[in-house]
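Here the working numbering is used: position 210 in the sequence shown is 318, and no number is missing along the way. We put the CB at the ideal spot given by N, CA and C, even for glycine.
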Amino acid sequence: MEEQKKFYLEEQTGALFERDLEAGTYTFIFQTAQVKLTDSLEAELLKDQDQEMERMFEQESDELRLIVKPYSYLFPYGTLRKKSHYAKLLAAHSLLEKVQNHSSSRLHLIVCPENLMMNEGMDVTFLHYGVKESLPPYEQDEEKLFAELQATLLVLLDEQYRFNEYMHYADTLKLSNHAKQLKEQQSITDLHKLVSAWIQAFEENEKEMYALPRKKWKVQKGIYIGLIVLLVPAIAYIIYAMAFLQPRQDAFIASNEAFIENNSSEVIDTLEPYNPDQMPRVVQYQLAHSYLAHETLDEDQLSNVQNMVTLQSAEPYFQYWIAIGRGENEDATEIARDLQDQDLIMYGNLQWRDEIRNDESITGEDQEELLSDIQGEIDEYLTEQEQQEEEEAQEEEEAEQEQLAEDEEEEEEEENEDEEDEEDEEDE
């Protein structure tokens, strides 16, 4: 199992660092053999260092436990992530002051996020100090202290990387402008001046901004959002109308003028970009008639179809001939099936069959299978037509025979009547 990564604080003290959320304590567990603490006075020095924390030592056989209990109003350094940028600047300033004003030669600072506690006033307190010749770190390394301070400020004010990355790899990281300025400073005093300048600039900027009470700001924000929500669909519709509706309406007007002038080709070209579903009924009618004018139909067929396609016809009839005219023969055949018009189905299948035969993108078995299906429907239609014609011919023949029989009966009746009349005359 992979070993858990150590805190920087653990690396510098050699202690195990634990936090008990329920008890609100932080515990440093030192191995007795590895620490030099022998005098209780040194321990008392550490206990009395901060008034906002309680420190207790517990000695076991091979462990020395330092238990730190901050007062309840203190919070960990990591909580600052949720604070405003101004609060972070104040916390950075407080940390710099704390380090700059640290004067004890026996207590050594370790500056890293897990070793810092804050109060609401952004004042900084350290959980652990090294004690000279007693608790690690035993000596204060000023160069390391400055590097720790820079890395901690970068974590607080830049937040792009972790403390260890800023501490050890800052020269290779891609830093923001603010982070570069922090990294370029050569002393604690320089860092203090830079952060103070940022605080002053922030406060000057805040003075120029009009501040609203939070409740009023929320109300105005809600109004602005509501206006945006209402305006966005309206703007979208205006753009849609300008880009699509108006050009389409112009096309309908132009096609109507071309239809009145019997210019069927111009009607077809003008309406080519538009789907029949987008067209008013009268425009569909005009386009269907324009396509019919270009169909290879004899005069009788054309006359019959034009009589079928009138302004009173159902829209699917218009859409059928538009589909035929546009070469959408499969769609046309489906429309005809919905209409249950066998003649239109037949015509659509004939056009579709020619289309498949001439379509180079469909070859081999796919083409043969599709043509077979279409031809099967055509043959079925022709068979039904032949049967219907035979039935009609048989019915006509039967009707003629019945008529002949009736005529013969009438002739016989007339002959009988004539004979009776002659006999009556003879009797007289």
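- Within the same chain, and ignoring the five residues on either side of K144 in sequence, the residues whose Cβ sits closer than 8 Å to its Cβ are E241, S242, L243, Y246.
- Straight through space, the alpha carbons of E494 and E505 are spaced by roughly 16 Å.
- In chain order, M161, M225 place their CB closer than 6 Å to the CB of P178, counting only its own chain and leaving out the 5 sequence neighbours on each side.
- H276 counts as exposed, since fewer than 16 other C-beta atoms from the protein chains shown sit within 10 angstroms of its C-beta.
- Here the region 162-170 makes no contact with the region 187-206; the two share fewer than three CB pairs at distances below 8 Å.
- Between the alpha carbons of D170 and E119 lies a distance of about 20 Å.
- The residue among L400, P341, E407 with its C-alpha nearest the C-alpha of F367 is L400.
- Along the region 155-205, the beta strand (DSSP E) occurs as fully enclosed runs of 3 or more residues at 161-167, 171-178, listed in sequence order.
- In terms of Cα proximity to A396, the closest of V413, Q409, E407, D406 is V413.
- Per DSSP, Y489 has no beta bridge partner at all.
- DSSP places T133 in the uninterrupted beta strand (DSSP E) bounded by 133-139.
- The beta carbons of L182 and F136 sit no closer together than 9 Å.
- Rounded to whole angstroms, N272 and R214 show a C-alpha spacing of 26 Å.
- For the pair T441 and I453, the CB atoms are nearer than the 9 Å cut-off.
- Counting only runs of 4+ residues, the alpha helix (DSSP H) found wholly inside the region 349-382 occupies 354-368, 372-379, in chain order.
- Taking 8 Å as the upper bound for CB-CB distance, I296 and Q208 are in contact here, some 5 Å apart.
- For H402, the secondary structure class from DSSP, reduced to helix, strand or coil, is coil.
- Here G330 has no same chain residue with a Cβ atom under 8 Å from its own Cβ, once five neighbours each way along the sequence are excluded.
- In chain order, R461, I464, R465 place their CB closer than 8 Å to the CB of L479, counting only its own chain and leaving out the 5 sequence neighbours on each side.
- The beta-bridge partner set that DSSP reports for V413 is empty.
- Sequence-distant partners of H210 (beyond 5 residues in either direction) whose C-beta falls short of 7 Å from its own C-beta, in its chain, are L217.
- Residue state for D451 is assigned as helix, using DSSP reduced to three classes.
- Rounded to the nearest angstrom, the Cβ distance from V232 to K206 is 5 Å, consistent with a contact under 8 Å.
- Contact check for Q386 and R356: beta-carbon distance about 7 Å, within the 8 Å limit, so the pair qualifies.
- For E374, same chain residues with a beta-carbon under 7 Å away, outside a window of 5 residues either side, are A366 in chain order.
- For M275, no beta strand (DSSP E) segment is defined; the enclosing uninterrupted segment is the alpha helix (DSSP H) at 271-277.
- Sequence-distant partners of Q142 (beyond 5 residues in either direction) whose C-beta falls short of 7 Å from its own C-beta, in its chain, are G122.
- Contact between L253 and L290 is ruled out by a C-beta separation of about 16 Å, above the 8 Å threshold.
- Taking D158 as reference, the option from E403, A195, H236 with the minimal CA-CA separation is H236.
- Minimum Cα-Cα distance from L124 among the listed residues F310, Y194, T404, Q139 corresponds to Q139.
- Taking all protein chains in view, the Cβ of Q258 is crowded by 16 or more other Cβ atoms within 10 Å, so the residue is classified as buried.
- Membership of F254 in the alpha helix (DSSP H) is indicated by the continuous run 250-265.
- Within the same chain, and ignoring the five residues on either side of Q248 in sequence, the residues whose Cβ sits closer than 6 Å to its Cβ are H216.
- For the pair N370 and D515, the Cα-to-Cα distance works out to about 55 Å.
- Using a 10 angstroms sphere on the CB of E256, the tally of other CB atoms reaches 16 or more, which defines it as buried.
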